[in-house]
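One structure is given below, encoded as structure tokens.
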Amino acid sequence: MAAYPERLRGPARCRPGDEPVVVFEDVRLAFDDNVVLDGISFKIYPGFTKIFLGASGSGKSTVLKLILGLLAPDSGRIRVHGQQIERMTENELFTVRDHTGMVFQEGALFDSLTVGENVGFKLYEETAMPLPEVRARVEEVLGFVELGPYVDRMPSELSGGQRRRVAIARAMAFKPKLLLYDEPTTGLDPITALTVDAEIIKLRDLEGVTSVLVTHQLRDAFYVATHGASRAGAGEPTVAAVADKVEEADFVMLREGKIVFEGSADELRVADDPYLRAFLS
Amino acid sequence: MPAFTEWLKRALLEVQDYSKLTMATARCAVTRPFYWHDFVEQLDAIGLGSMTVVILTGLFTGAVLALQSGFTLDQFGARPFVGRLVAASMIKELGPVLTALMLAGRVSSGIAAELGSMAVTDQIHALRALGTDPVRKLVVPRVLAGILMTPVLTVVANTVGLLGGWVVSTQNLQVASGLYWSSVVDGLFLEDVWMGLLKPFFLGFIIVTVGCHVGLRTRGGTQGVGRATTNAVVAASVGVIAMDFFATQLLLSLLF
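Protein sequence lines correspond, in order, to chains U and R. Take 2 as the starting number for the first sequence in this note's numbering and just add one per residue. Take 2 as the starting number for the second sequence in this note's numbering and just add one per residue.
Structure below.
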């Protein structure tokens with residue numbers, strides 16, 4: 002196996018005084034003889050975006066499952082929202098998950114429930130929020146992803162892009178501070194993928210949600226890293242390229258369970274590592 | 002030898018995971034939150050949904066039992082006792098076991114396919130990510146509904162089986178109706194009825210827990226779901242027969 006530099010860049014950027022939302026310290030995970038993550042460390046700060054790139058099987062999605070406590074590491078430490086989670090029980094993890102949303106690959110919508118029931122699932126099932134308030138919140142988040150009229154449809158009646166946007170609405174319905182996106186644009190055409198990217202940007206910039214994006218779609222990764230959303234008054238939000246946004250997004254390149262690069266979009270573009278060049282070309 | 006060791010390891014892991022699931026189910030069944038809506042839904046799906054297949058199975062089993070035993074009893078001039086034989090066979094053994102086998106085919110496979118599809122499409126992970134315990138939400142309502150509905154369905158199968166036996170006895174074997182029913186009552190002891198009523202609780206538990214266990218462990222896309230469905234039916238059917246033996250032994254020692 003080729004030797005890669007430990008990291009091509011230093012620690013993630015942050016605003017002064019910010020405590021990281023997620024901290025990985027020397028995390029290792031293997032399934033039998035297959036080493037998925039081999040001692041990875043990184044930090045994610047509030048309001049920032051971390052974008053994990055890498056080939057299929059490089060361990061990107063596993064990172065998200067570890068952040069959410071869906072998997073436990075073999076060794077190393079994971080801190081999320083200030084809590085050490087790697088040895089937590091399932092019940093203890095539910096309190097951490099109250100502040101973390103995840104958009105799964107293909108959406109993972111509950112196919113026996115309507116769009117509205119999917120979006121309000123956590124609020125209906127796991128909170129004591131009155132039903133009229135839940136319905137209002139469901140309408141609000143579906144409006145945010147521009148799918149308000151689809152509230153009574155079944156997931157099977159939606160297109161791929163609509164399913165991803167419903168998945169985003171479901172993940173944001175309970176106002177999490179951290180949102181994890183697992184290949185949210187894979188399998189979508191470029192135009193539809195941009196609408197999903199726009200939702201990610203809007204959530205980050207208008208709702209202040211910290212984002213972790215796993216993808217191997219470079220176009221989407223750079224789009225999210227270089228664009229920002231703003232809203233003038235009560236009007237519709239607009240998404241446009243913003244020069245200083247690039248400083249709020251960190252790229253992490255995984256290869257065979259190791260981090261081989263961590264840095265901004267600009268730094269990634271000029272990196273001279275042969276693997277990175279091959280990946281970017 | 003390494004292949005055998007590997008097989009043994011996998012089998013032990015399977016048993017360990019099944020035990021963990023049943024213990025988690027027991028714990029979740031007696032603690033909050035409890036998903037009443039899902040429980041009622043499962044009572045309907047397992048109970049009412051299986052009614053037709055159970056009625057047909059019971060009816061024809063009782064009928065064929067009367068037909069076969071009637072002609073055998075004839076050789077000893079004991080045709081009037083056909084009701085006794087039908088009742089004893091149906092209520093003690095055939096009613097509970099055949100109902101359970103039908104449920105293994107219908108319910109266990111259905112649960113494995115449903116949970117398996119959820120597992121391979123990340124819906125189980127999505128449930129956990131949304132703060133819902135899959136055991137509480139998916140397993141507990143199914144297990145409780147299965148444990149409660151299997152005895153009910155067994156009683157239905159027994160009743161319909163006795164009716165099937167009555168039809169054959171009166172129409173084919175020319176046994177008087179009153180004689181048939183008095184023979185049915187004579188052939189049953191209270192202990193037999195208890196055994197027929199208690200055994201389905203054990204069998205229902207096996208049917209549903211096996212379905213849930215196999216479903217939640219499903220991997221490998223749609224092919225995996227197909228495999229899980231087959232495995233659930235096979236494992237639940239074998240489990241029913243094995244559990245029937247052990248439950249019968251236990252109940253014999255307790256009741257007689």
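Each residue gets a CB set at the ideal place from its N, CA and C atoms; glycine is no exception. Quick caveat, the model's predicted, so the values are computed rather than measured.
> Taking the alpha-carbon positions, what's the phenylalanine 35(R) to leucine 139(R) distance?
Replying inline: On the second sequence, position 34 is the one that residue 35(R) refers to. On the second sequence, position 138 is the one that residue 139(R) refers to. The alpha-carbon atoms of phenylalanine 35(R) and leucine 139(R) are separated by roughly 11 Å.
> Under the DSSP definition of a beta bridge, which residues are partnered with phenylalanine 252(U)?
Replying inline: The residue given as residue 252(U) occupies position 251 in the first sequence. Phenylalanine 252(U) pairs with Ile52(U) and Gly264(U).
>> Which residue marks the beginning of the beta strand (DSSP E) containing leucine 38(U), and which one marks its end?
In response: The count along the first sequence starts at 1 and reaches residue 38(U) at position 37. It spans 35-45 - the beta strand (DSSP E) in which leucine 38(U) sits, taken as one unbroken run.
> By how many angstroms is the C-alpha of phenylalanine 206(R) removed from the C-alpha of serine 184(R)?
Replying inline: Position 183 of the second sequence, counting from 1, holds the residue named residue 184(R). Position 205 of the second sequence, counting from 1, holds the residue named residue 206(R). If you take the alpha carbons of serine 184(R) and phenylalanine 206(R), they lie about 33 Å apart.
> Do you know how far the Cα of valine 104(U) is from the Cα of glutamate 87(U)?
Replying inline: The residue you call residue 87(U) lines up with position 86 of the first sequence. The residue you call residue 104(U) lines up with position 103 of the first sequence. Each residue's alpha carbon lies about 21 Å from the other.
>> Which residues in chain R have a C-beta closer than 7 Å to the C-beta of lysine 123(U)? List them in chain order.
In response: Translated into the one-based positions of the first sequence, residue 123(U) becomes position 122. Within chain R, the residues near lysine 123(U) are Leu131 and Gly132.
>> So with CB distances below 7 Å, who are the chain R contacts of glutamate 91(U)?
In response: On the first sequence, residue 91(U) is found 90 positions in, with the first residue counted as 1. Correct list: Asp134.
> Counting pairs of beta carbons, one from the segment 197-217 of chain U and one from the segment 182-189 of chain U, are three or more of them closer than 8 Å?
Replying inline: yes
> Beta carbon of isoleucine 174(U), beta carbon of valine 120(U): below 8 Å?
Replying inline: Taking the first sequence and counting its residues from 1, the one referred to as residue 174(U) is at position 173. Taking the first sequence and counting its residues from 1, the one referred to as residue 120(U) is at position 119. It should be noted that the sequence gives alanine, not isoleucine, for residue 174(U). A contact, by the Cβ cut-off of 8 Å.
>> For a cutoff of 8 Å on Cβ pairs, would you count threonine 23(R) as touching chain U?
In response: By 1-based counting over the second sequence, the position of residue 23(R) is 22. No, its Cβ sits nowhere closer than 8 Å to a Cβ of chain U.
> Considering only the beta carbon of each residue, do lysine 246(U) and threonine 227(U) sit closer than 8 Å?
Replying inline: As a first step, residue 246(U) must be located in the first sequence, where it is residue number 245. As a first step, residue 227(U) must be located in the first sequence, where it is residue number 226. For lysine 246(U) and threonine 227(U), yes; Cβs fall inside 8 Å.
>> Quick check: what's the CA-CA separation for leucine 174(R) versus phenylalanine 190(R)?
In response: As a working note, residue 174(R) is residue 173 in the second sequence. As a working note, residue 190(R) is residue 189 in the second sequence. Straight-line Cα distance between these residues: approximately 25 Å.
> Any chance the segment 41-49 of chain U sits against the segment 156-165 of chain U, with 3 or more Cβ pairs inside 8 Å?
Replying inline: no
> Who are the neighbours of glutamine 163(U) on chain R, taking C-beta pairs under 8 Å?
Replying inline: As a working mapping, residue 163(U) is identified with position 162 in the first sequence. In chain order: nothing, as chain R lies at least about 16 Å away.
> According to the neighbour-count rule (16 or more other Cβ atoms, all chains shown, within 10 Å of its Cβ), is valine 241(R) buried or exposed?
Replying inline: Position 240 of the second sequence, counting from 1, holds the residue named residue 241(R). Counting Cβ neighbours within 10 Å, valine 241(R) comes out buried, since at least 16 surround it.
> Comparing alpha-carbon positions, which option in Arg232(U), Leu71(U) and Glu147(U) lies nearest alanine 120(R)?
Replying inline: To locate residue 120(R), count along the second sequence from 1; it is residue 119. The option with the nearest alpha carbon to alanine 120(R) is Leu71(U).
> What are the residues of the segment 75-100 of chain U that lie near chain R, defined by any Cβ-Cβ distance shorter than 7 Å?
Replying inline: Glu91, Phe95, Arg98 and Asp99
> What is the DSSP secondary structure of isoleucine 68(U), counted as helix, strand or coil?
Replying inline: In the first sequence, counting from the first residue as 1, residue 68(U) sits at position 67. In the structure shown, isoleucine 68(U) sits in a helix (DSSP, three-state: H, G or I).
>> Let's see if you can read the secondary structure: which residues bound the alpha helix (DSSP H) around threonine 155(R)?
In response: For the purposes of this step, residue 155(R) is taken as the residue at position 154 of the second sequence. Segment 141-172, the alpha helix (DSSP H) holding threonine 155(R).
> Which stretch, first to last residue, makes up the beta strand (DSSP E) that contains tyrosine 182(U)?
Replying inline: Translated into positions along the first sequence, residue 182(U) becomes position 181. Its beta strand (DSSP E) spans residues 179-183.
>> Let me see if you follow: with CB-CB separation under 8 Å, is methionine 130(U) close to chain R or not?
In response: Here residue 130(U) is taken as the residue at index 129 of the first sequence, counted from 1. Answer no: the Cβ-Cβ gap between methionine 130(U) and chain R never drops below 8 Å.
>> Distance check for isoleucine 79(U) and leucine 67(U), CA to CA, integer angstroms please.
In response: Stepping through the first sequence from its first residue, residue 67(U) is reached at position 66. Stepping through the first sequence from its first residue, residue 79(U) is reached at position 78. Roughly 8 Å between the two C-alpha positions.
>> By DSSP's criteria, phenylalanine 32(U) is part of a beta bridge. Which residues make up the other side?
In response: In the first sequence, residue 32(U) corresponds to position 31, counting from 1. Paired residue(s): Asn35(U).
> Can you list the residues of chain R that phenylalanine 105(U) reaches, using a CB-CB cut of under 7 Å?
Replying inline: Translated into positions along the first sequence, residue 105(U) becomes position 104. The contacting residues are Asp123, His126 and Ala127.
>> Using a Cβ-Cβ distance cut-off of 8 Å, determine whether alanine 170(U) contacts chain R.
In response: Within the first sequence, the letter at position 169 stands for residue 170(U). False, the Cβ-Cβ gap to chain R never drops below 8 Å.
> Given 8 Å as the limit, is there contact between the segment 145-156 of chain R and the segment 144-151 of chain U, that is, 3 or more CB pairs closer than that?
Replying inline: no
>> Could you tell me the alpha carbon to alpha carbon distance between methionine 196(R) and alanine 46(R), rounded to whole angstroms?
In response: Along the second sequence, read from residue 1 onward, the residue named residue 196(R) stands at position 195. Along the second sequence, read from residue 1 onward, the residue named residue 46(R) stands at position 45. Using only the alpha carbons, I get a separation of about 26 Å.
>> Counting C-beta neighbours from all protein chains within 10 Å, is the total for proline 6(U) 16 or more, i.e. buried, or is it exposed?
In response: As a working note, residue 6(U) is residue 5 in the first sequence. Low per-residue confidence applies at proline 6(U): pLDDT is 40, beneath 50, and the placement is therefore not dependable, though the value from the model is reported in the following sentence. When all chains shown are included, proline 6(U) counts as exposed.
>> Restricting to Cα atoms, I'd like to know which of Leu94(U), Ile192(U) and Thr193(U) is closest to leucine 131(R).
In response: For the purposes of this step, residue 131(R) is identified with residue 130 of the second sequence, where counting begins at 1. With distances taken between Cα atoms, leucine 131(R) lies closest to Leu94(U).
> Nearest to leucine 189(U) by alpha carbon, out of Gln218(U), Ile169(U) and Leu181(U)?
Replying inline: As a working mapping, residue 189(U) is identified with position 188 in the first sequence. Ranking the options by Cα distance to leucine 189(U), first place goes to Gln218(U).
>> If contact is defined by three or more beta carbon pairs under 8 Å, each pair taking one atom from either stretch, is the segment 241-255 of chain R in contact with the segment 81-92 of chain R?
In response: no
>> Going residue by residue through the segment 6-48 of chain R, where are the continuous alpha helix (DSSP H) segments of at least 4 residues, counting only ones entirely within it?
In response: 37-43
> Do three or more CB pairs link the segment 200-220 of chain R to the segment 164-174 of chain R at distances below 8 Å?
Replying inline: no
> Nearest CA to the CA of tyrosine 224(U): which residue from Gln106(U), His100(U), Ala266(U) and Arg154(U)?
Replying inline: In the first sequence, counting from the first residue as 1, residue 224(U) sits at position 223. The shortest Cα separation from tyrosine 224(U) among Gln106(U), His100(U), Ala266(U) and Arg154(U) belongs to Ala266(U).
> When the Cα of arginine 154(U) is compared with those of Ser113(U), Ala172(U) and Leu179(U), which residue comes out closest?
Replying inline: As a first step, residue 154(U) is located in the first sequence; it is residue number 153 there, counting from the start. Of Ser113(U), Ala172(U) and Leu179(U), the residue nearest in Cα terms is Ser113(U).
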